[in-house]
Amino acid sequence: MKFKKALLPLRLAFITLTGISTAALAANDAANNEVMTGTVEVVHIDYPDHSKGEYQYFLNPGNRQVPVRMDFSGLPPNNLVPGAKISIKGQSHGRVFQVESVDAQASTSGSTTDSQSTVGSDAFAGGTIQRKAITLLVNMKNGVNSAGTVAVISGALYDNTKSMTGQYEASSNGQLGFARDTDGDGQADVFGPFTINADATTSCDFYDWAYKAEAAAEAAGIDLSQYQHKVFALPHYSQLTQCGWAGVGNLSCGDSCRAWVASSWSGLYSHELGHNLSMHHAGTDSDNNGALESEYGDASGIMGSPAYWNQFNAPHQSQMGWLAAFPGSTADVSGVGSNSYSLGALELDQRSENPGIQLLTHPRTSGGNYYISFRQTIGSYGVKSDYANKISVHSFAGGSNKTHLIKALAIGEQFSDANSSFSVSFHGINGNFADVSVTSNFDSSINCSASNPSLSLSPASQSGLPGDQFSYTLTVKNNDSVDCASSSFNLAAATGSLVSSLSKSSLSLAPGASANAVLTINSSTTNSDGNYKFTSSVVSSKHSEISSSGSVALDGTAPTAPANLNGSAKRKALNLSWSASSDAVSGVAYYRVFRNGLEVAQRNTPDYSDRDLVSGSSYSYYVDAVDHAGHISTASNTFAYAASSGGGSGGGGKGGGKPSKK
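FYI, the numbering for the sequence shown is -14 to 647, going by our numbering.
Below you can see the structure in the form of structure tokens.
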């Protein structure tokens, strides 16, 4: 069992969901009309026989309250995208809420993102990104134990020749991986097993299981706040008799994600984390009518079948922005007349193997785009043999839609769509390249609806010392309709007296695609303390300028010392309080409480209750303050206390110390 003592107190707002069935509610459960407001969470449930996939919707009211599952009499509203802030009205039955109406205005105005862009702010193209995931092995009552061991799961995730993080790095051309050892102890971030008070045969409350496993991990000293993804390695689905699924994942959950795995399929970890990053399933639509014959039928990509170590398919790679980072890797062939192309295998690495064009796109009159790619078995994550040395023809409407595999063309075959004035023919293979020809008389500008791009800045503000360097991620999304051509967006930043640079001056994006650039701001030791505001902007020849503001707080001064430390005994506890410190720039982050010279607590508020006292012993307390830049104040006055069965006495005195940086 791998445990590690946490160095800092946990500051994590749990988002706890549940799989409680409405049918299990008692008929006489008292329920009154009520209104709830919160944030939408979406969970996707995957079944082992691939017969279906199921979405469930939850409302997270915040403040560490357990979210409720929203139950609708019909289909859920279209505006229930992850991250949207909404109000619902209806009847509450425990952790299930029967929804009568949804406040659409709240849903629209409160949401700052959609189901495509709610991918973690750093999970797009624009540099090497290491997502941070922790995996907790979960045992339950009656000897129902996790389906894996720390060693086996560490191998599947990080260490084997074929692994989850290797699969992501190959598909993203090195732009996205998962950090193996975030806590720095030299071992993969796989912990446990943790035995929780839950019976796998009586319920399928998977979020209750997560909550209990996280509590057990915290008790063991693990700092969960370091991680964007929390993965739960559960017992095998055959032992979860009330569930029936093999995996569950939050959809488009940004930097607060959970995934549950109840199978020994190694690829299921990649699949559920793909849901976390906003990808939906890869299905088949052989007659190209827009209706999937099989939601999981496209085994050429991990979002279709987790049983194979394939890369993600071409539309998913495009959705994630992994191809956009390499100019010339994608070609829009709408309206080219007749032309020929050498199409590099999707498995070739853009960084080292010079594949040139790996994806051809063409609009569909019925919506979305066609995605044309060439697949081979080369590399550790080569495609399944059924799709090897063939041209994959996909359709994809972007955003919260599934990808559709229409056909895998063999040499000599053709695909055509007369309504879209488009056809592609596969003529032959030259090494790792396919010779294809395209005919298109499609005029994309006829149906193009241009819309200004989105620009977000993460984080919005940072604090540090004069002379420190700060990095911000700029995320740009092309909001044009799918019938528009790609656009080149120019980036700029105005940072005043602070020196700055951008990792990229422009981004070329297809409609619906997003990509990142890094803004680096360098302060100087000569800069005065204070808040420095700056503006980033994006503009193209076809769009208005959009800007986003941020700030840097330069703080070279420690907070004021806490004052008036005092205490009173009550019910065998000593309740301490003090006057709050102040910090003019970055603000006070927390207080440190010392007893007999040793730190015993960190507090966000100016109070502390010490219950760990021994009758007849004497204690001396003082407190200092830490700001967001890491400075430590001088100490407060000291407070002395003598514990006895009948109470105690205390007194104050001066304290002091030299300010220092933590």
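Backbone N, C-alpha and C define an ideal beta-carbon position, used for all residues, glycine too.
Ignore the nearest five residues each way along the sequence and tell me which others in residue i's own chain have a CB closer than 6 Å to its CB.
i: S282; result: One detail in the question is off: residue 282 reads as Gly in this sequence, not Ser. Once the five neighbours on either side are set aside, the close Cβ partners of G282 are G268, T269.
i: H260; result: H29, G234, L236
i: K74; result: V20, E85, S86
i: R165; result: Y143, A173
i: Q227; result: S188, C189
i: S365; result: K147
i: L483; result: I506, S508, Y517
i: V524; result: N475, E530
i: A445; result: G535
i: G572; result: H613
i: T350; result: N404, S405
In chain order, what residues of the same chain lie with their CB nearer than 7 Å to the CB of residue i, ignoring the 5 residues before and after it?
i: R336; result: N158, G159
i: E398; result: F411
i: Y372; result: S285, R360, A393
i: I287; result: Q152, G252, S255, H256, G259, N295, F297
i: L550; result: L561, W563, Y606, Y607, V608, S621, N622, F624, G637
i: A141; result: S148, M149, S251, Y254
i: S493; result: A309, P312, S471, S473
i: R556; result: none
List the whole-angstrom C-beta distance separating residue i from residue j, where the pair is believed to meet the contact cut-off of C-beta under 8 Å.
i: P547; j: Y593; result: About 11 Å; that fails the 8 Å criterion.
i: H265; j: K387; result: 5 Å
i: F455; j: V537; result: 6 Å
i: F163; j: A202; result: At roughly 18 Å, the Cβ-Cβ gap does not stay under 8 Å, so F163 and A202 are not in contact.
i: L219; j: V123; result: 5 Å
i: K197; j: A183; result: 6 Å
i: S248; j: G232; result: 7 Å
i: Q296; j: S156; result: 4 Å
i: S621; j: D612; result: Not confirmed; about 15 Å, so no contact.
i: P451; j: S509; result: 6 Å
i: Y217; j: V246; result: Before going further, note that residue 217 is Phe rather than Tyr in the sequence given. Yes, they are in contact, since the Cβ atoms of F217 and V246 sit about 7 Å apart, within 8 Å.
i: G306; j: F427; result: Contact doesn't hold; Cβ gap of about 24 Å is too wide.
i: V423; j: N324; result: 6 Å
i: A195; j: R116; result: The pair is not a contact, with the Cβ atoms about 18 Å apart (cut-off 8 Å).
i: S131; j: P178; result: 5 Å
i: V627; j: S603; result: Looking at the sequence itself, residue 627 is Ala, so the reference to Val does not match. Contact holds; Cβ gap of about 5 Å.
Flag residue i as yes if its beta-carbon sits less than 8 Å from any beta-carbon of chain B, otherwise no.
i: L277; result: Here there is only one protein chain, and chain B is not present.
Can you tell me whether residue i is helix, strand or coil according to DSSP?
i: K126; result: helix
i: G552; result: strand
i: V137; result: helix
i: S473; result: strand
i: E19; result: strand
i: S600; result: coil
i: G640; result: The predicted model places G640 with a pLDDT of 42, which falls under 50 and marks its position as unreliable; any figure quoted below should be read in that light. Three-state result, G640: coil.
i: T150; result: helix
i: L142; result: helix
i: E584; result: strand
i: A614; result: coil
i: S58; result: coil
i: L390; result: strand
i: S156; result: helix
i: Y40; result: strand
i: S629; result: strand
i: A478; result: strand
i: N404; result: helix
i: Y32; result: coil
i: D88; result: coil
i: D568; result: coil
Tell me which same chain residues have a C-beta within less than 8 Å of the C-beta of residue i, skipping the five on either side of it?
i: F43; result: L2, T3, V25, E26, V27, V28, P52, V53, R54, M55
i: S533; result: L440, S441, L442, L459, T520, S521, S522
i: S485; result: A478, L504, T505, I506, N507, F519
i: C433; result: D465, S466, D468, C469, A470
i: V378; result: Y355, Y356, I357, L390, I391, K392, A393, L394, F400, V409
i: Q302; result: S156, S157, Q296, L308, L331, L344
i: I342; result: G313, S314, T315, A316, Y326, S327, L328, G329
i: S491; result: S473, F474, N475, L476
i: A558; result: S594, D595, R596, L598
- Any beta strand (DSSP E) of 3 or more consecutive residues that is wholly inside the segment 487 to 544: 491 to 494, 499 to 507, 515 to 525, 528 to 539
- Task: Please confirm if the segment 444 to 464 is in contact with the segment 496 to 505, defined as three or more CB-CB distances below 8 Å between the two stretches.
- Result: yes
- Message: Give the list of continuous beta strand (DSSP E) stretches no shorter than 3 residues that lie fully inside the segment 226 to 306.
- Response: 232 to 235, 242 to 246, 267 to 269
- Item | contact_flag[the segment 529 to 545, the segment 609 to 620] where n(CB pairs < 8 Å) is 3 or more | yes
- Message: What ranges does the beta strand (DSSP E) occupy inside the segment 296 to 369, keeping only unbroken runs of at least 3 residues that lie completely in it?
- Response: 315 to 317, 322 to 329, 344 to 348, 354 to 360
- Message: To test your reading of the DSSP string, which unbroken beta strand (DSSP E) runs of 3 or more residues are found completely within the segment 421 to 468?
- Response: 439 to 443, 446 to 449, 454 to 462
- 4 or more residues per run - each alpha helix (DSSP H) lying fully within the segment 164 to 230: 191 to 204
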